[in-house]
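Chains P and Y supply the protein sequences, listed in that same order. Note that this note's numbering has the first sequence beginning at 232, numbered continuously upward. Note that this note's numbering has the second sequence beginning at 232, numbered continuously upward. Don't be surprised by glycine CBs; every beta carbon is placed ideally from N, CA and C. Owing to the predicted nature of the structure, the values given are computational and were not obtained by experimental measurement. To start, the structure under review is shown below, and the notes come after it.
2 protein chains.
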Amino acid sequence: MGENEDIKKIVNEENNDIKLVDLATELLGYEDEEIEKICKDLDDKSLAIVLEQAETKIQLKIISFIDNSRILKLFGLMSKDDIADVLGSINTGRRKQIINIMKEGDKAIIKQLLGYKDDSAGGIMTTEYIALNKRLTISQAIDKIKEITPKTEYIQTIYVTNENRKIIGTVDLRDILISNANQKLEDIVNENFIYVTPEVDQEEVAQIVSKYDLSAIPVLNSRKRMLGIITIDDIVDVLVEEQTEDILKMGGVAKEETLDSTLLDSIKMRLPWLLINLVTAFLAALTVKMFEGTIAKVVALSATMSIVTGMGGNAGTQTVSIIIRNLAMGKVKFKDVKHLILKEVLLGVINGAAIGVVTGLVVMAIYKNMYLGLIIFLAMVGNLIISGFFGLIIPIILEKLNIDPALSSSIFLTTATDVLGFFLFLSLASIFLPKLMI
Amino acid sequence: MGENEDIKKIVNEENNDIKLVDLATELLGYEDEEIEKICKDLDDKSLAIVLEQAETKIQLKIISFIDNSRILKLFGLMSKDDIADVLGSINTGRRKQIINIMKEGDKAIIKQLLGYKDDSAGGIMTTEYIALNKRLTISQAIDKIKEITPKTEYIQTIYVTNENRKIIGTVDLRDILISNANQKLEDIVNENFIYVTPEVDQEEVAQIVSKYDLSAIPVLNSRKRMLGIITIDDIVDVLVEEQTEDILKMGGVAKEETLDSTLLDSIKMRLPWLLINLVTAFLAALTVKMFEGTIAKVVALSATMSIVTGMGGNAGTQTVSIIIRNLAMGKVKFKDVKHLILKEVLLGVINGAAIGVVTGLVVMAIYKNMYLGLIIFLAMVGNLIISGFFGLIIPIILEKLNIDPALSSSIFLTTATDVLGFFLFLSLASIFLPKLMI
Numbered sequence: 232m233g234e235n236e237d238i239k240k241i242v243n244e245e246n247n248d249i250k251l252v253d254l255a256t257e258l259l260g261y262e263d264e265e266i267e268k269i270c271k272d273l274d275d276k277s278l279a280i281v282l283e284q285a286e287t288k289i290q291l292k293i294i295s296f297i298d299n300s301r302i303l304k305l306f307g308l309m310s311k312d313d314i315a316d317v318l319g320s321i322n323t324g325r326r327k328q329i330i331n332i333m334k335e336g337d338k339a340i341i342k343q344l345l346g347y348k349d350d351s352a353g354g355i356m357t358t359e360y361i362a363l364n365k366r367l368t369i370s371q372a373i374d375k376i377k378e379i380t381p382k383t384e385y386i387q388t389i390y391v392t393n394e395n396r397k398i399i400g401t402v403d404l405r406d407i408l409i410s411n412a413n414q415k416l417e418d419i420v421n422e423n424f425i426y427v428t429p430e431v432d433q434e435e436v437a438q439i440v441s442k443y444d445l446s447a448i449p450v451l452n453s454r455k456r457m458l459g460i461i462t463i464d465d466i467v468d469v470l471v472e473e474q475t476e477d478i479l480k481m482g483g484v485a486k487e488e489t490l491d492s493t494l495l496d497s498i499k500m501r502l503p504w505l506l507i508n509l510v511t512a513f514l515a516a517l518t519v520k521m522f523e524g525t526i527a528k529v530v531a532l533s534a535t536m537s538i539v540t541g542m543g544g545n546a547g548t549q550t551v552s553i554i555i556r557n558l559a560m561g562k563v564k565f566k567d568v569k570h571l572i573l574k575e576v577l578l579g580v581i582n583g584a585a586i587g588v589v590t591g592l593v594v595m596a597i598y599k600n601m602y603l604g605l606i607i608f609l610a611m612v613g614n615l616i617i618s619g620f621f622g623l624i625i626p627i628i629l630e631k632l633n634i635d636p637a638l639s640s641s642i643f644l645t646t647a648t649d650v651l652g653f654f655l656f657l658s659l660a661s662i663f664l665p666k667l668m669i
Numbered sequence: 232m233g234e235n236e237d238i239k240k241i242v243n244e245e246n247n248d249i250k251l252v253d254l255a256t257e258l259l260g261y262e263d264e265e266i267e268k269i270c271k272d273l274d275d276k277s278l279a280i281v282l283e284q285a286e287t288k289i290q291l292k293i294i295s296f297i298d299n300s301r302i303l304k305l306f307g308l309m310s311k312d313d314i315a316d317v318l319g320s321i322n323t324g325r326r327k328q329i330i331n332i333m334k335e336g337d338k339a340i341i342k343q344l345l346g347y348k349d350d351s352a353g354g355i356m357t358t359e360y361i362a363l364n365k366r367l368t369i370s371q372a373i374d375k376i377k378e379i380t381p382k383t384e385y386i387q388t389i390y391v392t393n394e395n396r397k398i399i400g401t402v403d404l405r406d407i408l409i410s411n412a413n414q415k416l417e418d419i420v421n422e423n424f425i426y427v428t429p430e431v432d433q434e435e436v437a438q439i440v441s442k443y444d445l446s447a448i449p450v451l452n453s454r455k456r457m458l459g460i461i462t463i464d465d466i467v468d469v470l471v472e473e474q475t476e477d478i479l480k481m482g483g484v485a486k487e488e489t490l491d492s493t494l495l496d497s498i499k500m501r502l503p504w505l506l507i508n509l510v511t512a513f514l515a516a517l518t519v520k521m522f523e524g525t526i527a528k529v530v531a532l533s534a535t536m537s538i539v540t541g542m543g544g545n546a547g548t549q550t551v552s553i554i555i556r557n558l559a560m561g562k563v564k565f566k567d568v569k570h571l572i573l574k575e576v577l578l579g580v581i582n583g584a585a586i587g588v589v590t591g592l593v594v595m596a597i598y599k600n601m602y603l604g605l606i607i608f609l610a611m612v613g614n615l616i617i618s619g620f621f622g623l624i625i626p627i628i629l630e631k632l633n634i635d636p637a638l639s640s641s642i643f644l645t646t647a648t649d650v651l652g653f654f655l656f657l658s659l660a661s662i663f664l665p666k667l668m669i
């Protein structure tokens with residue numbers, strides 16, 4: 232828990248970046264008065280770093296403790312995407328006030344950034360990058376870079392434009408460093424590159440950046456003009472955020488819930504999901520109710536039936552997990568689905584038979600009834616086929632319907648494995664009833 | 232499914248990096264003969280990129296199709312960490328052959344890299360970085376950088392060393408670009424930095440890099456000498472890998488399973504987990520068996536009992552998900568555990584009461600028995616308290632015992648909510664038995 236002692240920090244100055252990032256994290260545990268005092272005590276540069284790094288909740292508090300003119304000063308020290316993030320979460324009234332007193336150029340950029348969805352390429356891109364005309368010589372380019380560098384976030388890749396300000400390719404800073412001073416950018420430009428449009432989902436951007444080992448990806452509009460870039464450190468944030476989201480969603484928790492959520496917020500976020508699950512539980516119970524006559528005659532069924540549904544749920548969850556993850560990574564191809572169904576059904580038959588034999592033998596030994604062992608074996612094979620089939624197609628169908636499979640696969644899977652599992656086992660029991668009552 | 236059409240690739244040349252990365256991915260679907268032909272047709276530079284980017288399975292095939300001397304040529308075009316990756320997965324005999332014919336310097340580096348665990352800082356670090364003596368002037372440093380740049384992976388940060396080759400700090404390439412040519416590196420060195428030792432787990436490295444927005448982190452030995460660096464693009468790979476691992480583990484699937492795993496491999500990876508779960512299922516069944524006498528008298532219990540255990544499982548999964556994720560992000564502090572237990576227990580009371588009222592009323596209406604409604608209400612509240620408590624402490628205890636909570640929390644949780652849930656509901660039913668039989 233917490234940080235490993237093998238991670239060493241060498242920190243010599245008082246207010247350096249490392250300490251300030253730590254402070255931003257720790258603020259979550261601070262009282263409002265303490266946060267207010269810190270806002271007063273820190274200089275603008277330090278507070279800007281804290282503001283950039285803090286969680287939304289803390290950002291809102293900081294903003295509430297300082298006046299608009301100081302906010303503008305802090306914004307002057309932050310990158311445009313971080314400014315848009317902060318502005319995006321405060322209330323509309325204050326946001327308008329602040330935007331109104333901004334410089335015209337900044338105002339336009341911020342308004343544009345605020346126009347994109349938070350989790351789209353446009354929402355996470357930054358406008359601080361270096362784009363240079365292809366006619367510049369290397370030495371002119373180096374002068375420009377030296378001039379722009381202090382104000383920009385990312386200098387590893389220089390974007391090269393033509394006279395219409397359309398991007399024609401990229402040049403690595405390292406290639407500029409080793410090229411002849413009289414060469415022109417167009418002589419060394421790399422014309423192969425990948426870009427995204429601002430509407431692309433951040434998760435998809437992360438996939439591309441990770442697949443092609445990019446350190447940044449440009450965001451272009453339909454006329455091939457540059458709107459901004461997304462740097463790899465923002466991709467890291469996206470990946471951490473998406474991982475949290477997926478794990479919470481698969482567990483039936485809203486992505487907004489944190490350890491600090493109030494009791495009331497936690498109730499609001501968890502109860503609806505439980506109520507939806509209750510419907511599934513009732514469907515399963517009603518299935519069992521249909522067979523109460525059979526159970527009344529052979530009470531052993533009541534203890535054994537949940538083994539069949541439980542194991543179906545477990546096996547189905549295995550299938551769902553692997554499919555959801557591969558869907559998220561874009562690795563599920565439509566042409567493979569038939570083959571995958573066949574594999575999951577076969578897995579159901581084989582794993583079902585293996586689990587079924589063990590279960591059947593144990594049940595037979597406990598209840599001294601061969602037929603009870605036989606029907607639990609058959610029901611187990613059947614329910615593991617059901618779970619493999621539904622575990623595979625449910626997430627794929629949800630994805631096709633643009634419903635998040637991480638969120639809702641489990642509820643449909645449980646419905647299938649519980650209702651069909653009980654039905655299968657108890658139907659078989661009803662058929663073999665005379666043999667079970669001996 | 233697959234890639235979005237909003238992601239545009241501008242690819243003008245035949246064998247450029249983008250196309251080669253795509254090719255590396257597609258090779259998974261190719262026949263061996265086709266892969267062999269591609270190895271022959273591609274030039275060394277292109278094949279090196281394909282080899283670097285392909286999955287382990289394909290890397291092994293490529294290596295099997297080319298001779299040792301060509302492997303050495305490809306290695307000359309790859310970075311040391313990628314070489315160690317490839318060598319780490321091929322068979323020992325071939326590995327020794329190849330290492331033996333390497334240059335002495337490379338041999339030592341590769342042997343050292345192979346000595347670290349795959350998922351440790353040492354296992355993912357690369358040895359291509361720039362370290363310069365603090366006494367160098369800016370202009371000397373620039374000359375050195377120009378000289379080393381073509382052979383190195385990462386140039387954004389220059390590591391500054393003293394006469395004992397100990398690292399004393401870092402300098403940003405951008406600061407070098409804008410500094411006066413006669414200044415020395417020691418004048419502009421930033422002495423605050425974070426490093427890791429080679430044993431640190433890759434997930435922890437990823438956390439640090441993400442938290443402090445680093446573009447690379449140095450790996451130092453106990454004498455503060457540099458062993459290598461881990462760059463942010465390797466961190467992206469770690470995050471993608473760890474996310475896959477967590478989702479699969481939580482679903483009871485081995486992290487090695489992919490969509491291409493053979494049927495036999497899938498059985499080997501999934502069946503053991505199902506068998507472990509079977510033990511839990513039997514424990515639950517045996518609990519029910521203890522109450523067969525009661526169930527025989529009130530058969531309605533058999534249909535309704537699994538609502539209590541099912542909802543306990545769902546609520547517990549919510550708690551487990553949020554705790555596992557926060558543990559992974561290092562956000563669970565020991566001093567908060569008491570407070571968290573209180574919150575989860577309270578949540579259990581409140582959500583349990585809400586779900587319990589609905590369930591109780593519906594059951595009462597269906598079976599026309601007030602007492603059945605009452606006991607299901609009480610059992611629901613009880614089981615949701617149980618699930619909140621165990622959902623919280625199980626992952627925390629597992630983490631303390633160094634057992635991966637993502638992998639094994641669910642099995643312990645299900646055991647608790649199923650066994651205790653059945654026990655609670657059926658015990659209450661036994662107590663109220665006369666009232667239920669009316």
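Annotation for A637/Y: the continuous alpha helix (DSSP H) segment containing it runs 636-646. Fewer than three Cβ pairs drawn from the region 639-656 of chain P and the region 256-275 of chain Y lie within less than 8 angstroms of each other, which leaves the two stretches out of contact. Less than 8 angstroms divides the Cβ of A534/P from the Cβ of A516/Y. For the 8 angstroms CB-CB criterion, V529/P and R501/P do not form a contact. Annotated as proximal: G547/Y and G622/Y, with beta-carbon spacing under 8 angstroms.
Residue pairing from DSSP places V450/Y in a beta bridge opposite V427/Y, G459/Y. Going by C-alpha positions, E523/P is about 59 angstroms away from T323/P. Around the beta carbon of T388/Y, 16 or more other beta carbons sit within 10 angstroms, so the residue counts as buried. Nearest to Q438/Y by C-alpha distance, out of K442/P, Q474/P, D403/P, is Q474/P. Below 8 angstroms, too few C-beta pairs join the region 360-367 of chain P and the region 283-292 of chain P to call them touching: fewer than three. Proximity of A285/P to chain Y, defined by a Cβ-Cβ separation below 8 angstroms, is not satisfied. Rounded to whole angstroms, the separation of the alpha carbons of Y598/Y and A610/P is 28 angstroms.
Secondary structure of Y598/P (DSSP, three-state): helix.
A contact is defined here as three or more CB-CB pairs under 8 angstroms, and the region 314-333 of chain Y meets this definition with respect to the region 345-358 of chain Y. When the alpha-carbon of I627/P is set against those of I409/P, I572/P, N545/P, R326/P, the nearest one is in I572/P. Sequence-distant Cβ neighbours of I616/Y in its own chain, meaning closer than 7 angstroms and more than five residues away, are V576, G579, V580, G583. In the three-state reduction of the DSSP assignment, N331/P falls in the helix class, which pools H, G and I.
For E257/P, no chain Y residue has a C-beta closer than 8 angstroms to its own C-beta; the minimum C-beta separation is roughly 11 angstroms.
For the set L408/P, N413/P, I425/P, N411/P, the Cα lying nearest the Cα of G400/P is the one of I425/P. When only Cα atoms are considered, V612/P and G544/P end up about 13 angstroms apart. Setting aside the 5 residues that flank it on each side, P503/P has no residue in the same chain whose C-beta is closer than 7 angstroms to its C-beta. Counting C-beta atoms within 10 angstroms of its own C-beta, G482/Y has 16 or more neighbours from the protein chains shown and is therefore classed as buried. Contact annotation for S658/P against chain Y: no contact, minimum CB-CB distance about 15 angstroms [criterion: below 9 angstroms]. DSSP places T540/Y within a helical segment (H, G or I) once states are collapsed to three. Within the region 476-507 of chain Y, the residues whose Cβ lies closer than 8 angstroms to some Cβ of chain P are D477, I478, L479, M481, G482, G483, V484, E488, T489, L490, L494, S497, I498, R501, L502, W504, L505, L506, listed in chain order. T383/Y is bridged by DSSP to nothing; it lacks a bridge partner.
Ranked by how close their Cα comes to the Cα of I376/P, the residues T357/P, D403/P, E394/P, M542/P have D403/P in first place.
The Cβ atoms of M595/Y and G604/Y sit closer than 8 angstroms to each other. For a cut-off of 8 angstroms, the C-beta gap from I507/Y to I642/Y is around 6 angstroms, short enough to register as a contact. Nearest CB-CB separation between L571/Y and chain P: below the 8 angstroms threshold. The C-beta distance from I419/Y to D406/Y rounds to 5 angstroms, short enough to fall under 8 angstroms. Taking C-beta atoms as the reference points, S310/Y and E384/Y count as a pair closer than 8 angstroms.
Among the CB atoms of chain Y, one or more fall inside 8 angstroms of the CB of P381/P. The alpha carbon of N393/P has as its nearest neighbour, out of L416/P, P381/P, S410/P, the alpha carbon of L416/P. Look at the region 533-550 of chain Y: the residues with a C-beta under 7 angstroms from a C-beta of chain P are S533, A534, T535, S537, I538, G541, M542, N545, A546, T548, Q549. Per DSSP, reduced to three states, the secondary structure at L367/Y is coil, with no helix or strand assignment.
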